[in-house]
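Quick mapping for you: the protein sequence lines, in order, are chains V and X.
Just so we're aligned: 10 in numbering that gives the first Met the number 0 is position 11 of the first sequence, and the numbers increase by one with no gaps anywhere.
Just so we're aligned: 57 in numbering that gives the first Met the number 0 is position 58 of the second sequence, and the numbers increase by one with no gaps anywhere.
Taking it in order: structure first as structure tokens, then the write-up.
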Amino acid sequence: MSAPAYYLPAGLPRPVAEPDGLDAPYWEGTRARELRVQRCRACRAWQWGPEWICHHCLAFDLEWAAVEPRGTIYSWERAWHPVHPALRGHGPYVVVLVELPHAGRVRMIGNLLGDPQQLVRIGAPVEAVFETHDDATPPFTLVHWRVTR
Amino acid sequence: MTARSIRGRVAIVGVGETVYYKHGQAREPEVTLALQAILAACADAGIDPRSIDGFASYSNDRNDPSRLAAALGLPELRFSNMQWGGGGGGGSAAVGNAAAAVAAGYADCVVVFRALAQGQFQRFGAAPPAATATGEAALTFPYGLISPAQRFAMRVMRFMHDHGIEPGAQRAIALASYHHAQNNPRAVMHGRPLTPEAYDESRWIVEPFRLFDCCMENDGAAALILVSAERARDVRQRPAYLLGVAQGSEYRNAARGHNAPTYASSSFTTVAPHLYAMAGVTPKDVSVVQSYENFTGGVLMSLVEHEFFTAEEANEFLRLDNLIAPKGRLPLNTSGGNLAECYMHGLELQIEAVRQLRGQSTNQVPGARVGMVISGPMVTPVSSMLVGTDDVL
């Protein structure tokens, strides 16, 4: 059995939840192939990144809502210079910032799958692709994006 | 002078720096560099180092004021201050904090300093050696979004998209710094001119930044001496009076995972109006600008946000001829700045602003009376400041 095909080479820092548990539901959600963001039970405002208080109404009463894992490209970059030893010799890769219009226009970061030299268009529709790293200790899942037609 | 303004109350009377080294090449320990710069600034001002009674710095400078005070044998320490925030966003704020201490009477003679010997510590431009990432870093590092250049490229990309900014705009900013460095013997890139062709052929670091859009990393130290306006009259050098200082950032700028509502900005949209209001000047009054180049796109946005031109005018305004001393419309980074003089975490820009007002720049703008320094675009908090000669008070 061949090694799982990941977008970026192995060896980059692994994501772990914060010691106080603030973002643990997000990372647990990715393991269940869910994209979760915070939503205030009191005023229904969306919130991302996570915080213990609602920035809109100041209630300490936030829930985690699974949202449809689709959005549009808000911005992007193509990285060439390897800033981490794991990236040496890998070549360019694309990072995208994806806006979720149906979830308060919060934004998510991920890699854009496909040709790393592809023409990237701000505003293009994208859908999430969950990249599971079951072999990691502890296991984790990243959320990438690919352009939809 | 209004009661709640620093305008005209405090002056920078001494500036000093060490030899500026390429990254990792300083043989002196970092604290020695700090001490050398402080003594150089005292000598420049013609004051006894033992008259220092306060210190201000930023970006978690490792050289603790209590240690410096002990090392220098200061009779007493009355003020020690660290501006929150990473990057170079605190450069002007540290000057503002020092000036506030002088104006309030907390201290009489405050040093603003920054020392960096990155060869002896962790580099800014390389990933920290950790197997895991948490918090903000967990949302970015696993996707290869790690370094400062990578952190800011998407802000600039969106700004360029929104306003139709062409590559020539960033290029002109890089060329201006290198142009000025050729007249500045202190500059690390002195004798290393940059041509438009070499810029265009340089490798991508992360689109939209090429190699020459990105600051150097260097070793060295820089320091400034601040005293009250009254005391400044007795000092050897022509004082550079603070006209205004402002720091901060927009609504929820630090929302994690690139969720700042005002994303395509250099974080100055709320800060710059406070600066002008306090200083009582307009963009037209500014003779010369030193704008922190972490990346040229950050300079571009910060100049727009300080209202030197609109985003729609950027392609036309940002041409080399407009940006160089002595005759450009807006001489920019006249020492060579972070790109070509030294990445002294931006504090070399404050020194250059002072030299311009004294008539001591190696790229002098004739009759410079008001100088601006813009510190650390795109981080939070950012800061900027205006200095002026006595005849603008």
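Every residue, glycine too, gets a C-beta built ideally from N, C-alpha and C.
Here L71(X) has P48 as same chain residues with Cβ atoms under 6 Å from its own Cβ, once five neighbours each way along the sequence are excluded. Note on G122(V): under 16 other CB atoms within 10 angstroms of its CB, so exposed under the neighbour-count rule. Contact residues of the segment 110-143 of chain X toward chain V are G124, A125, A126, A129, A130, T131, A132, T133, G134, E135, A136, A137, L138, T139, F140, P141, Y142 and G143 (C-beta to C-beta distance below 8 Å). Contact note: L86(V) reaches chain X through G143, using a C-beta cutoff of 8 Å and chain order. Under DSSP, the beta-bridge partners assigned to T131(X) are R13(V). Under DSSP, P147(X) shares a beta bridge with no residue. Nearest in C-alpha terms to W83(X), of all of S248(X), F158(X), R232(X) and S264(X), is S248(X). A direct Cα-Cα distance of roughly 50 Å separates V97(V) from L76(X).
When CB distances to chain V are screened at a threshold of 8 Å, the residues of the segment 145-178 of chain X falling below it are I145, S146, A148, Q149, A152, M153, R154, M156, R157 and H160, in chain order. Its chain contains P49 and W51 as the residues whose beta carbon lies nearer than 7 Å to that of L21(V), once the 5 sequence neighbours on both sides are disregarded; these appear in chain order.
Taking a Cβ-Cβ cut-off of 7 Å, the neighbours of E76(V) in chain X comprise Q149, A152, M153, M156, V205 and E206, given in sequence order. Residue pairing for M371(X): DSSP places it in a beta bridge opposite V288(X) and L385(X). Only residues of its own chain outside the window of five on either side were considered, and among them E311 and N314 have a CB closer than 8 Å to the CB of G163(X), listed in chain order. Taking each of Q24(X), P365(X), V298(X) and V381(X) in turn and checking the Cα distance to D218(X), the smallest one comes out for Q24(X).
Residue-level contact check: H55(V) does not touch chain X, since none of the beta carbons of chain X fall below 8 Å from its beta carbon.
If you ignore the 5 residues before and after T295(X), its C-beta comes within less than 6 Å of the C-beta of Q169, I172, A173 and D212, all in its own chain and listed in chain order. Under a 10 Å Cβ-count criterion, C53(V) is classified as buried, with 16 or more other Cβ atoms of the shown protein chains found around its own Cβ. Contacts with chain V (Cβ-Cβ distance below 8 Å) from the segment 248-261 of chain X involve R251, A254, R255, G256, H257 and N258, listed in chain order. Inter-residue distance for L141(V) and L144(X) is about 13 Å (C-alpha atoms, whole angstroms). At least one C-beta of chain X is nearer than 8 Å to the C-beta of I108(V). In this structure, the CA atom of L193(X) is about 38 Å from the CA atom of V109(X).
DSSP places W26(V) in the helix class (H, G or I) of the three-state scheme.
For G167(X), the uninterrupted alpha helix (DSSP H) segment begins and ends at P166 to A180. S383(X) is positioned such that its CB atom lies no closer than 8 Å to that of V369(X).
E76(V) is positioned such that its CB atom lies closer than 8 Å to that of M153(X). Along the segment 224-241 of chain X, there is no position whose C-beta sits under 9 Å from a C-beta of chain V. Annotation for I11(X): the continuous beta strand (DSSP E) segment containing it runs V9 to E16.
The beta-carbon separation of A85(V) and A9(V), rounded to 7 Å, stays under the 8 Å limit for a contact. Shown here for E292(X): same chain residues with a beta carbon closer than 6 Å to its own, the five before and five after excluded, namely C214, V298, G336, N337 and L338 in chain order.
Sixteen is the threshold: when 16 or more other Cβ atoms of the shown chains lie within 10 Å of the Cβ of N62(X), as they do, the residue is buried.
In the three-state reduction of the DSSP assignment, D218(X) falls in the strand class.
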